[in-house]
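Just below is one structure, and these are the notes that go with it.
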Amino acid sequence: MDSFESITDFINSELRFQDEAGLLRSLFPLEGSQRGVVKTNGKPLVDFSSNDYLGIADHPALIEGAKKAMEKWGAGARASRLMSGDLEIHHSLESAIAILKGKEAGLLFGSGYLANTGIIPALCGRNDVIYSDRLNHASIVDGVLLSRARFFRFRHNDLNHLEDLLKSHRSQYRRALIVIESVYSMDGDLALVSEILELKGRYGAILMIDEAHATGVFGAKGEGIVSQAEAEAVDVILGTFGKAMGGYGAFVALSNQMRQFLLNRARTFIFSTALPPAIIGANLAAVKLLEEEPERRSRVCELASELRRALNEDMGLNTPSESQIVPVMVGDSRSALSLAESLRDAGFFVKAIRPPTVPESTARIRLSVTANHSLKDVRQLLEALSDGI
Ligand SMILES: Cc1ncc(COP(=O)(O)O)c(C=O)c1O
């Protein structure tokens, strides 16, 4: 028995290893977070790290929506949707999503992570093949692994590579799934949706697009990157409520037939408690705000465009971003941590993003612009960045 490694020794050595590589992660609870300003150690910092892109997480309409739904339906949903947890408000939210995205139907999931890890294994199994962009989010990667399908990761946004892989392998498998994001979560660049749609058609593939970071920010109505005209041809469009929509949970927009299939086959839908009424009330209010307060969307886009312009043109930093997610590439994890710290000293809350969230040697500061920011915030952040680099 003595020769076995103890769990304490194992954990100690793993944590030491992560620490030495500058990769240790820790939690620091905030003392407050309101209108884009967080409070930590008694100090207010302008938050450039949140995904609350429209700045509505503390909007009175969301809070009121949550309160009303909780008063009417209670704190919890009591069961999964297929048991007694299926409430009318879940269906109202699904209908609102279907209209927003231009699809026949919507289906809710507990979170984006649960949606990806439930849907991908429902669509593909051992005899199938999955083509996944190399920069896809961890929840997509985990969904692919859970499916047990053969999978290929194509070089990020490289359609020639994707087509080469389709040409070489597609015919050996029953079903093929192509899965991409529309705004990439760590690089902030955009997918080539119409070109991918063309490949999907030519090679008889299923197409799933994760619009977690596009929903609410892109599109005339906040529908995302996938236009209503393109939506018809995309089999599954995923979005989350925890980012631009200021709440929590996730949805997919799909055909009625696909909805019926997934609610029978996606294990993370079937075997998990329905989202609670309060969050559904908040999410419903958020969908309404997309229409009522479109200026939030234009503000984020204008501020992000100024931030990207200044980084590229004035500072020569070459960010890959085409969206409100604007990475400042650093490379080494320790240098990214110290840049984040110097920005915090200057009054900005930002996080260093390190492997395995991003590929080796591509540690970065991930700036995210929100409607809570002002042009002054962006200019001051740029100044602090040029002092810190
Ligand atoms: C592209 C993408 N998909 C899915 C998720 C997971 O969504 P959730 O936070 O709702 O689990 C994220 C979260 O960051 C993401 O970036």
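Numbering (the working numbering), first residue to last: 636 to 1024. For each residue, glycine too, the CB sits at the ideal point set by N, CA and C.
Helix, strand or coil, according to DSSP, for I860 in the structure here?
Against the sequence shown, residue 860 aligns to sequence position 225. DSSP places I860 in coil when its eight states are reduced to three.
Closer than 7 Å to a non-hydrogen atom of ligand 1 - does that hold for the CB of G1063?
One cannot answer for residue 1063 here, as it falls past the ends of the chain, which runs 636 to 1024.
What do you get for K1011, buried or exposed, if any count of 16 or more other CB atoms within 10 angstroms of its CB means buried?
In the sequence shown, the residue the question calls residue 1011 occupies position 376. Burial call: exposed.
I'd like the list of long-range same chain contacts for H694, defined as Cβ closer than 7 Å, with 5 residues on each side in sequence excluded.
Working through the sequence shown from its first residue, we reach residue 694 at position 59. Closer than 7 Å at the Cβ level, and outside the excluded window around H694, lie G881, L924.
When DSSP labels each residue in this structure, what does G778 get in the three-state scheme?
Taking the first residue of the sequence shown as 1, we reach residue 778 at position 143. Three-state result, G778: helix.
Going by beta carbon distance, what residues of the same chain come within less than 6 Å of A917, once the five residues before and after it are set aside?
What you label residue 917 is simply residue 282 of the sequence shown in a count that begins at 1. Closer than 6 Å at the Cβ level, and outside the excluded window around A917, lie L697, G700, A701, G882.
Could you spell out the range, first to last residue, of the alpha helix (DSSP H) harbouring K702?
Start at 1 with the first residue of the sequence shown, and residue 702 comes out as number 67. Residues 695-708.
From A913 to F896, what does the alpha carbon distance come to, in whole angstroms?
Stepping through the sequence shown from its first residue, residue 913 is reached at position 278. Stepping through the sequence shown from its first residue, residue 896 is reached at position 261. Roughly 27 Å separates the two Cα atoms.
Simplified DSSP state of G747, which is helix, strand or coil:
For the purposes of this step, residue 747 is identified with residue 112 of the sequence shown, where counting begins at 1. Note: G747 maps to helix in three-state DSSP.
Under 7 Å from any heavy atom of ligand 1, does the C-beta of E816 make it?
The residue you call residue 816 lines up with position 181 of the sequence shown. Indeed, a heavy atom of ligand 1 lies less than 7 Å from the Cβ.
Could you give the C-beta distance for D1026 and R810, rounded to a whole number, given that I count them as a contact under 8 Å?
Nothing about residue 1026 can be reported from this structure: the residues present for the chain run from 636 to 1024 only.
L974 versus L1017: straight-line alpha-carbon distance, rounded:
In the sequence shown, residue 974 corresponds to position 339, counting from 1. In the sequence shown, residue 1017 corresponds to position 382, counting from 1. Cα to Cα, L974 sits roughly 13 Å from L1017.
Nonlocal neighbours in the same chain, by C-beta distance under 8 Å from R805, ignoring five residues either side
Counting from one through the sequence shown, the residue named residue 805 turns up at place 170. Result list for R805: V764, A811, Y838, G839, A840, in chain order.
Where does M964 fall in DSSP's three states?
Counting from one through the sequence shown, the residue named residue 964 turns up at place 329. Reduced to three states, the DSSP call for M964 is strand.
When the distance is taken between beta carbons, is T1005 closer than 8 Å to D687?
Here residue 687 refers to the residue found at position 52 of the sequence shown. Here residue 1005 refers to the residue found at position 370 of the sequence shown. For D687 and T1005, yes; Cβs fall inside 8 Å.
Which residue's Cα is closest to the Cα of G657: P990, L1020, R1014?
Here residue 657 refers to the residue found at position 22 of the sequence shown. When only C-alpha atoms are compared, the closest one is P990.
Please determine whether the Cβ atom of N762 lies at a distance below 7 Å from any heavy atom of ligand 1.
Stepping through the sequence shown from its first residue, residue 762 is reached at position 127. For ligand 1, not one heavy atom lies less than 7 Å from the Cβ of N762.
So, under 8 Å CB-CB, G737 and A847 are touching, yes? Tell me the CB distance rounded to an integer number of Å.
Taking the first residue of the sequence shown as position 1, residue 737 is located at position 102. Taking the first residue of the sequence shown as position 1, residue 847 is located at position 212. With 8 Å as the limit, G737 and A847 do not qualify as a contact, their Cβ atoms being about 18 Å apart.
4-residue-minimum alpha helix (DSSP H) runs that sit fully inside the region 885-930, ordered along the chain:
891-900, 902-905, 912-927
Going along the chain, which residues of its own chain have a beta-carbon closer than 7 Å to the beta-carbon of K856, five neighbours each way excluded?
Locating residue 856 in the sequence shown gives position 221, counting from the first residue. The answer, listed in chain order, is L735, L925, E926.
Tell me whether T875 counts as near ligand 1, meaning its Cβ is closer than 7 Å to at least one heavy atom of that ligand.
Position 240 of the sequence shown holds residue 875. T875 Cβ: within cutoff of ligand 1.
Would you check if the region 925-939 and the region 855-875 touch, i.e. whether three or more CB-CB distances between them fall below 8 Å?
yes
Quick check on the burial criterion: 16 or more other C-beta atoms within 10 angstroms. Buried or exposed for Q653?
Here residue 653 refers to the residue found at position 18 of the sequence shown. Looking at its Cβ environment, which holds fewer than 16 other Cβ atoms inside 10 Å, Q653 is exposed.
Expected contact under 8 Å - CB spacing of G741 and V887 to nearest Å
On the sequence shown, position 106 is the one that residue 741 refers to. On the sequence shown, position 252 is the one that residue 887 refers to. Between V887 and G741 the Cβ distance is about 7 Å, and since that is below 8 Å, they are a contact.
Are R1066 and A971 closer than 8 Å when you measure CB to CB?
Since the first residue shown for the chain is 636 and the last is 1024, residue 1066 is missing from the structure and cannot be characterised.
When every heavy atom of ligand 1 is checked, does at least one fall within less than 7 Å of the C-beta of H848?
Locating residue 848 in the sequence shown gives position 213, counting from the first residue. H848 Cβ: within cutoff of ligand 1.
What are the boundary residues of the alpha helix (DSSP H) that L665 is part of?
Position 30 of the sequence shown, counted from the first residue, corresponds to residue 665. No alpha helix (DSSP H) holds L665; DSSP gives it neither H nor E.
If you compare alpha carbons, which of L910, D768, R894 is closest to E739?
Taking the sequence shown and counting its residues from 1, one reaches residue 739 at position 104. Of L910, D768, R894, the residue nearest in Cα terms is R894.
Contact the region 675-684 vs the region 977-991: 3+ CB pairs below 8 Å
yes
Quick one: is the Cβ of D768 within less than 7 Å of any heavy atom of ligand 1?
Here residue 768 refers to the residue found at position 133 of the sequence shown. Every heavy atom of ligand 1 is 7 Å or more from the Cβ of D768, so no.
What do you reckon, is the C-beta of Y748 under 7 Å from a heavy atom of ligand 1?
Taking the sequence shown and counting its residues from 1, the one referred to as residue 748 is at position 113. Yes; taking the cut-off as 7 Å, the Cβ of Y748 has a heavy atom of ligand 1 nearer than that.
Bounding residues of the alpha helix (DSSP H) (the contiguous stretch that carries A733)
In the sequence shown, the residue the question calls residue 733 occupies position 98. From DSSP, the alpha helix (DSSP H) with A733 extends over 723-736.
Skipping 5 residues on each side, what residues in its chain have a beta carbon closer than 6 Å to that of D824?
As a working note, residue 824 is residue 189 in the sequence shown. Once the five neighbours on either side are set aside, the close Cβ partners of D824 are P955, E957.
Would you kindly check if the distance between the Cβ of R769 and the Cβ of R790 is under 8 Å?
For this step, residue 790 is matched to residue 155 along the sequence shown. For this step, residue 769 is matched to residue 134 along the sequence shown. A contact, by the Cβ cut-off of 8 Å.
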